[in-house]
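Colleague: Here it is, the structure in full.
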Amino acid sequence: MSEDRKDRISKILKEDITVKFIDKNMLNEVVGDIFNDTEKNVSYKPDNDSIFDNEFMLIQGFDTDEDIRELLFSFKSNLVERPITSSRTESNEKWTLKELLKEIFEENEYMKNYNKQK
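Position one of the sequence shown corresponds to residue 39 (this note's numbering), numbered consecutively onward.
Set out below in structure tokens:
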């Protein structure tokens, strides 16, 4: 994701929302550790799976469903295409990023296909 695109997305988000733009060298990191600013000792193992070529944004700081609706609306109202997005949760914070991305991208593909059938 380009720096300009990251900047445009960051400007849309509220100040209390933390966002991490994900790239392939973070695949083996644990989701819960991604938001820590401590240096990580994680080896980078390239993965040629094409799902990792998608733009992905990991967020935290949402308290209610209304917060999430506001986020989605702010992308639409600012005419900025939203990357595939996931929030850090108690359920996924122990997963590796690679595991989370596979789950999210599979869900995303399912929903795109489901919506086409309507």
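Idealized CB from N, CA, C, for every residue including glycine.
By a C-beta neighbour count over all protein chains shown, 10 Å radius and 16 as the cutoff for buried, is Y148 buried or exposed?
Modeller: It is exposed - the Cβ of Y148 has fewer than 16 other Cβ atoms within 10 Å.
Colleague: Candidates K136, Y152, I47, S40: which alpha carbon is nearest F113's?
Modeller: The candidate whose alpha carbon is nearest that of F113 is I47.
Colleague: Within the continuous alpha helix (DSSP H) that includes F113, where are the two ends?
Modeller: 103-115 is the extent of the alpha helix (DSSP H) around F113.
Colleague: Round the Cβ separation of I122 and N92 to the nearest angstrom and send it over; I've been treating them as touching at under 8 Å.
Modeller: Right, their Cβ atoms sit about 6 Å apart.
Colleague: Decide if K22 is buried, meaning its Cβ has at least 16 other Cβ atoms within 10 Å, or exposed.
Modeller: Since the displayed the chain opens at 39 and closes at 156, residue 22 lies outside it and no answer follows.
Colleague: Could you give the residue range of the alpha helix (DSSP H) that holds K140?
Modeller: First-last of the alpha helix (DSSP H) with K140: 135-155.
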